[in-house]
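Enquirer: Handing you this structure, nothing more for now.
In my numbering, the protein residues as written are 9 to 68.
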């Protein structure tokens, strides 16, 4: 998700997206602990997306 897409969302949509991405991150970490996932960089990308969403929410 690009910054332009994030900025076009409303505050409530951003908050919902943060919750969904945190759940996704938890699932990725759990799956990676059990057996290594194919692309462990997805964990890093998800963390960074959450950070971008939180920054956009704070800016609004």
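Ideal Cβ placement from N, Cα and C applies to all residues, glycine included.
#1: Indicate the three-state DSSP secondary structure (helix, strand or coil) for residue 58 in the structure shown.
#2: Check whether the segment 53–67 and the segment 11–22 touch, using three or more Cβ-Cβ pairs below 8 Å as the test.
#3: Between residue 40 and the rest of its own chain, which residues show a CB-CB distance below 8 Å, the 5 nearest in sequence each way excluded?
#4: Between which two residues does the alpha helix (DSSP H) containing residue 37 stretch?
#5: Using only the alpha-carbon positions, how far apart do residue 11 and residue 38 sit?
Expert: Put simply:
#1: helix
#2: yes
#3: 48, 51
#4: 19–42
#5: 28 Å
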